[in-house]
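Everything below concerns the one structure shown next.
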Amino acid sequence: MKKTLFFLLCSLVVLGGEAQAQNTVDKQGRRQGHWLKTDKNGAKIYEGDFRDGLETGTFTYYYHDGTVRMRNIYFVDGKRCSHEAYDDKGRLVAKGFYNQHNRDSVWSFFDEQGRMVKTTSYRMGIKEGPSIIFTSTGDTAEVSNWVDNHRHGRWWKRIGRNGYITGRYVKGGLEGRLVEYDDSLRLAREGNYRNGYKHGTYRYYEDGVLAIDENWIDGTMTDRKVLVATPKPEYVSVFDILCVAGQGKNRVMVYTRYGDKIQGREPAENIFTRVGNEYFAYANRKNRILVSMRSVVDIVKDAEGRDILKLDPALDLVIFPDEDCIKMVRSRKYEDHSPLDD
Numbered sequence: 002m003k004k005t006l007f008f009l010l011c012s013l014v015v016l017g018g019e020a021q022a023q024n025t026v027d028k029q030g031r032r033q034g035h036w037l038k039t040d041k042n043g044a045k046i047y048e049g050d051f052r053d054g055l056e057t058g059t060f061t062y063y064y065h066d067g068t069v070r071m072r073n074i075y076f077v078d079g080k081r082c083s084h085e086a087y088d089d090k091g092r093l094v095a096k097g098f099y100n101q102h103n104r105d106s107v108w109s110f111f112d113e114q115g116r117m118v119k120t121t122s123y124r125m126g127i128k129e130g131p132s133i134i135f136t137s138t139g140d141t142a143e144v145s146n147w148v149d150n151h152r153h154g155r156w157w158k159r160i161g162r163n164g165y166i167t168g169r170y171v172k173g174g175l176e177g178r179l180v181e182y183d184d185s186l187r188l189a190r191e192g193n194y195r196n197g198y199k200h201g202t203y204r205y206y207e208d209g210v211l212a213i214d215e216n217w218i219d220g221t222m223t224d225r226k227v228l229v230a231t232p233k234p235e236y237v238s239v240f241d242i243l244c245v246a247g248q249g250k251n252r253v254m255v256y257t258r259y260g261d262k263i264q265g266r267e268p269a270e271n272i273f274t275r276v277g278n279e280y281f282a283y284a285n286r287k288n289r290i291l292v293s294m295r296s297v298v299d300i301v302k303d304a305e306g307r308d309i310l311k312l313d314p315a316l317d318l319v320i321f322p323d324e325d326c327i328k329m330v331r332s333r334k335y336e337d338h339s340p341l342d343d
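Numbering-wise (the numbering used here), the sequence shown opens with residue 2 and increments by one.
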């Protein structure tokens, strides 16, 4: 019994000595030596060594189950370190450098398969320098330059397999000409920016053919002309279009506010896409009829009691609105400043 008590006392002395050897603070209040921090359940949070209050050597941080979460290896000055971060499966997700707890120099980020997905340059916690994003196959997906946490300089982004878009940023806003090319390296889009806003001409192409021709002033669109494919292509302003109606698989009729009719030889959906949804809505989705929302007046009844869509100016086409259109018209009648107000 005496031997047992003696053994327990010796063990306590040894353990007490080990505990005192860890988490030591000197007379100036600076952490010294090896430190181990645990949670209330005894699971390790981090461990590493201090010299005069500064981290030195390797510091390791843990998930609750003991898996390594982060690892910092400090330089001799105790202010800079290399850093590695891991997910809860032990996979590397990021690595880079810290300077006084700020991201500094080039950082790399990885996906679950260990593939690099992005590199970003920092200067004392601020994005500064090139940033590159990669595809899952390792090809370059996007290249940009940063100054003071803002995109600044040439920007390039892959579109599809071979296509790309490129422009220039100034203090976070696009400036000057932007161009986009499709997979066949044909011009798909070109436009101009000023102070981050579309300004001047802005054009979209389909298979190399001009399909949408817009004009902008400081981010406000003043006109959009869209292609209607006829034997001789025509371009019509969306502000002049009253209705677009499909007529079979590859036929479409465009009705203008001035009573003109333009027969297009292409699917109606092509025109629907070009005019956009800012000013147009389906009157009858099943019958492929699109109308200008600012021309819609009300829902009225015909002689047989059926709902009819009333437009201004009137159209020599009877439109039977579907349920969604009826709901849209009725809801707009109660909106302030709606063109449908009585």
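We put the beta carbon where it would ideally sit given N, CA and C, even for glycine.
Item: For S83, three-class secondary structure by DSSP; Value: strand
Item: Simplified DSSP state of S12, which is helix, strand or coil; Value: With a pLDDT of 44 at S12, under the threshold of 50, the modelled position of that residue is not reliable, and no figure is offered here.
Item: Contact between the stretch 264 to 283 and the stretch 303 to 316 (3+ Cβ pairs under 8 Å); Value: no
Item: Span separating the alpha-carbon of R225 from that of F240; Value: 8 Å
Item: Closest residue to T120 among R81, V227, F110 and D313 (Cα-Cα distance); Value: F110
Item: Span of the alpha helix (DSSP H), counted from its first residue to its last, around S332; Value: E324 to R333
Item: Exposed unless 16 or more other CB atoms sit within 10 angstroms - verdict on I242; Value: buried
Item: Alpha-carbon spacing of K80 relative to E56, whole angstroms; Value: 8 Å
Item: Coil, strand or helix - S137 by DSSP; Value: coil
Item: Residue span of the alpha helix (DSSP H) that contains V77, given as start and end; Value: Looking at the DSSP string, V77 is not in any alpha helix (DSSP H), and its letter there is neither H nor E.
Item: Whether T61 touches D89 by CB criterion (8 Å); Value: no
Item: Residue span of the alpha helix (DSSP H) that contains A269, given as start and end; Value: A269 to V276
Item: Backbone secondary structure at V319 - three-state DSSP; Value: coil
Item: Collapsed DSSP secondary structure at D105 in the structure displayed; Value: strand
Item: Per-residue burial, L186 [other beta carbons within 10 Å of its own, 16 or more giving buried]; Value: exposed
Item: Spatial distance of V330 from F273 (CA atoms); Value: 19 Å
Item: Simplified DSSP assignment, three categories, for D261; Value: coil
Item: contact_flag[the stretch 288 to 297, the stretch 217 to 232] where n(CB pairs < 8 Å) is 3 or more; Value: no
Item: Residues bridged to E143 [DSSP beta-bridge criterion]; Value: I134 and K158
Item: Other residues of its chain near G130: CB distance less than 6 Å, five sequence neighbours each side excluded; Value: S122
Item: Nearest-angstrom Cα separation, counted from W156 out to S276; Value: Here residue 276 turns out to be Val, not Ser, going by the sequence shown. In a straight line, the C-alpha of V276 is about 29 Å away from that of W156.
Item: Validate contact between the stretch 242 to 251 and the stretch 311 to 320 using beta carbons, cut 8 Å, 3 pairs; Value: yes
Item: Option nearest T221 by Cα separation, candidates N193, Q248 and A212; Value: N193
Item: Alpha carbon of K158 to alpha carbon of S137, nearest angstrom; Value: 15 Å
Item: Unbroken beta strand (DSSP E) run spanning A44, endpoints; Value: Looking at the DSSP string, A44 is not in any beta strand (DSSP E), and its letter there is neither H nor E.
Item: Whole-Å CB distance - M71 paired with E85, under 8 Å assumed; Value: 7 Å
Item: The beta strand (DSSP E) enclosing A284, as first and last residue numbers; Value: F281 to N285
Item: Residues near A22 by beta carbon distance below 6 Å, same chain, minus five either side; Value: Model confidence at A22 stands at a pLDDT of 49, short of 50, so the residue's coordinates are unreliable; what they give is reported in the following sentence. Cβ neighbours of A22 beyond the five flanking positions: none.
Item: N163 and D140 closer than 8 Å at C-beta; Value: no
Item: Cβ-based neighbour list, F75, same chain, cut-off 6 Å, excluding 5 preceding and 5 following; Value: Just to set this straight, residue 75 is Tyr in the shown sequence, not Phe. So the list reads E56, T57 and C82, once near-sequence residues are dropped.
Item: Extent of the continuous beta strand (DSSP E) to which F60 belongs; Value: L55 to Y63
Item: DSSP beta-bridge partners of D1; Value: Within the shown structure, residues of the chain are numbered from 2 to 343, placing residue 1 beyond reach of any answer.
Item: Where M71 falls: helix, strand or coil (DSSP); Value: strand
Item: Contacts around V237, its chain only, beta-carbon distance under 8 Å, and the 5 residues preceding and following it disregarded; Value: K226, V227, V229, V255, T257 and I263
Item: Beta-carbon proximity of V171 to H200, cut-off 8 Å; Value: no
Item: Which residues DSSP lists as bridging R152, in chain order; Value: W147
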